[in-house]
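Worksheet for the structure shown next.
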Amino acid sequence: MGAGDLGRWADAWQAIGRAHDETLGLNLDRGVLVLDSFSKLQSLAMGTNR
Numbered sequence: 001m002g003a004g005d006l007g008r009w010a011d012a013w014q015a016i017g018r019a020h021d022e023t024l025g026l027n028l029d030r031g032v033l034v035l036d037s038f039s040k041l042q043s044l045a046m047g048t049n050r
């Protein structure tokens, strides 16, 4: 991870936070949130865009 990736990581964490709030608000399955969050972070760590 380079200094240029910091913005992408921040964007991913903000998206995860918004998804978390939406999941709670709609009473959705939290397992889906966990899998989506893992996928977002893994793609950033691997250097791929999603």
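Residue numbering for the sequence shown is 1 to 50, as defined by the UniProt record's numbering. Where is the CB? At the ideal position from N, CA and C, for every residue including glycine. Computed from a prediction, not measured in an experiment: that's the story for all the values here.
Coarse secondary structure for Asp-29, derived from DSSP in three states | coil
To the nearest angstrom, how far is it from the Cα of Ala-15 to the Cα of Lys-40?
-> 9 Å
Spatial neighbours of His-20 within its chain, please: CB distance less than 7 Å, with the 5 preceding and 5 following residues excluded, ordered by chain position.
-> So the qualifying residues of the chain are Leu-33.
From the DSSP output, in three-state form, read off Gly-47 for me.
-> coil
Could you pull out every residue in the same chain whose Cβ sits closer than 6 Å to the Cβ of Arg-50, ignoring the five residues on either side in sequence?
-> Residue placement at Arg-50 cannot be trusted, given a pLDDT of 49 that sits under 50; the coordinates are not used to answer.
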